[in-house]
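Q: Can you keep this structure in mind? I'll have questions shortly.
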Amino acid sequence: MSFGLEAGIFVAYAAGLFLIYILGKLLIVPLKWAGRMLISSMIGAVLIILINILGGKWGLFVPLNPLSAVIIGILGVPGAIGLLLFFNL
């Protein structure tokens, strides 16, 4: 075997490993983002339940649906206040 053929095989392996690394990065980053969005939405849903329990005494409510959970999950307290004002005014 000549040295040129062995170098070509090495370059092919290196290119293959680099391609696997890049594809892995492209797939992992959206999964991390989706995981954070899911956790934020669950926290938002818990906050909506607390608002409905505590606000029920004064007639305040926020419907528990995926959109309102995502809004509160992303925006936090300002999102909760905004939805309270939107649904109760």
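The sequence shown begins at 21 in my numbering and counts up one residue at a time. Where a beta carbon is used, it is the ideal one built from N, C-alpha and C, also for glycine. Quantities reported herein were computed from a predicted structural model and do not represent experimental measurements.
1. DSSP on Leu80, reduced to helix/strand/coil?
2. Inspect the beta-carbon positions of Ala27 and Gly64 and report whether they are closer than 7 Å.
3. Ile101 and Leu67 - do their beta-carbons sit closer together than 7 Å?
4. Does DSSP put Leu109 in a helix, in a strand, or in coil?
A: Walking through what the data contain:
1. Coil at Leu80, not helix or strand.
2. Contact: no.
3. No. Outside cutoff.
4. Look at Leu109 here: in three-state DSSP terms it is coil, with no helix or strand label.
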